[in-house]
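>
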Amino acid sequence: MTTGNTNKPEEALLSLVQDAAGGKAWSTSLTGWSAQSSIPVCEWEGVTCRASAGAGGPTSSVVTEVSLPSSGLTGTIPTELGLLTELEVLDLQRNMLRGSIPQEVANLKKLTKLDLTQCFLTGTLPQRFESDRLKSILLANNAISGRFFQADADSPHLKSIREIRMENNLLTGELPGTTLKKMTHLETLSLSDNDLSGLIPGEGLGSLASLHHLYIDANHFVGPLPNQLAQVGKAQILELWVQDNALS
């Protein structure tokens, strides 16, 4: 999809469907989703808005959620979505997208949930998300490469994140314990079926009191299973998958 200058939410949203399969006009199957539609953008199917009062000005509506799972979307994720500055939820799971996650999307400061599960995405994992409200990053079943989040004291998403699902991708390198220690609210970490290697960071994982579900099977981890994962008062793991590694 192309990048362009746009100030209207309608134009930013329509950039999602300009590569729709077969060139079909979405207005024939979904409410709105056409440049010629007279329906307000906040009434388009899959779009949620809320009222926003401007400084000393009239109340307007801003787009807070775009949810179009299994909708036949094709092409790349448009950078124009970064102009939806009040966006909280972006759910494009199970579409035939391609390319990488735009940094413009990672820069959204109000984002709470990003779901791009099973979208045929490639490229490297963005190392920095600008939202300190981000709770869920759902990227399973793609071909995303690069390293898991590296330690960065200024990465806003680390302290807010609760759920990370990146199983069945192409992530490489070690799992950094220093990064994990900063994810103090993390409840679920799913990294099965990647190419991660090295020792399992017991100190980092064991320090997470909220961590209940840990899936790191089918990687290349070596060494013993850290006993910190069973420490009383620390991580209380309810479900732990470590099979299909090279643990001793």
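The sequence shown begins at 14 in my numbering and counts up one residue at a time.
C-beta atoms are modelled at their ideal positions from N, C-alpha and C, and glycine is treated no differently.
Starting from Leu121, trace the beta strand (DSSP E) in both directions and tell me its first and last residue.
In the sequence shown, counting from the first residue as 1, residue 121 sits at position 108. Taken as a continuous stretch (DSSP letters only), Leu121 belongs to no beta strand (DSSP E), as it is neither H nor E.
> Relative to the alpha-carbon of Tyr228, which residue among Leu29, Thr185, Arg178 and Pro237 has its alpha-carbon at the smallest distance?
Your numbering for residue 228 matches position 215 in the sequence shown. Out of Leu29, Thr185, Arg178 and Pro237, Arg178 has the C-alpha closest to the C-alpha of Tyr228.
> In the DSSP output, what is Asp257 paired with across the bridge?
In the sequence shown, residue 257 corresponds to position 244, counting from 1. The partner list for Asp257 (beta bridge, DSSP) is empty, contrary to what the question assumes.
> By DSSP, does Gln236 sit in helix, in strand, or in coil?
Your numbering for residue 236 matches position 223 in the sequence shown. Strictly speaking, residue 236 in this sequence is Gly, with Gln absent from that position. Here Gly236 sits in strand by DSSP.
> Quick check: what's the CA-CA separation for Asp208 versus Leu184?
Position 195 of the sequence shown, counted from the first residue, corresponds to residue 208. Position 171 of the sequence shown, counted from the first residue, corresponds to residue 184. Cα to Cα, the separation comes out at about 6 Å.
> Compare the beta carbon distance of Leu110 and Thr125 with 8 Å and say whether it is the shorter of the two.
As a first step, residue 110 must be located in the sequence shown, where it is residue number 97. As a first step, residue 125 must be located in the sequence shown, where it is residue number 112. Cβ distance not < 8 Å, so Leu110 and Thr125 don't count as in contact.
> Compare the C-alpha of Thr98 against each of Ala153, Leu129, Glu78 and Thr87 and name the closest.
Taking the first residue of the sequence shown as position 1, residue 98 is located at position 85. The shortest Cα separation from Thr98 among Ala153, Leu129, Glu78 and Thr87 belongs to Glu78.
> Is the beta carbon of Phe234 closer than 8 Å to that of Thr192?
Numbered from 1 along the sequence shown, position 179 holds the residue referred to as residue 192. Numbered from 1 along the sequence shown, position 221 holds the residue referred to as residue 234. Taking 8 Å as the Cβ cut-off, Thr192 and Phe234 do not qualify as a contacting pair.
> Find the nearest neighbour of Ser144 within the set Leu151, Ala156 and Leu127, judged by alpha-carbon distance.
Residue mapping note: residue 144 aligns to position 131 of the sequence shown, counting from 1. Closest option to Ser144, Cα to Cα, is Leu127.
> Return the Cβ separation of Lys195 and Lys172 in integer angstroms, given the expectation that the two are a contact with Cβ distance under 8 Å.
Within the sequence shown, the letter at position 182 stands for residue 195. Within the sequence shown, the letter at position 159 stands for residue 172. The pair is a contact, with the Cβ atoms about 6 Å apart (cut-off 8 Å).
> Determine whether the beta carbon atoms of Leu251 and Leu242 lie at a separation below 8 Å.
The residue you call residue 251 lines up with position 238 of the sequence shown. The residue you call residue 242 lines up with position 229 of the sequence shown. Cβ distance not < 8 Å, so Leu251 and Leu242 don't count as in contact.
> Kindly indicate which three-state DSSP category Ala64 falls into: helix, strand or coil?
Numbered from its first residue, the sequence shown carries residue 64 at position 51. Three-state DSSP puts Ala64 in a strand.
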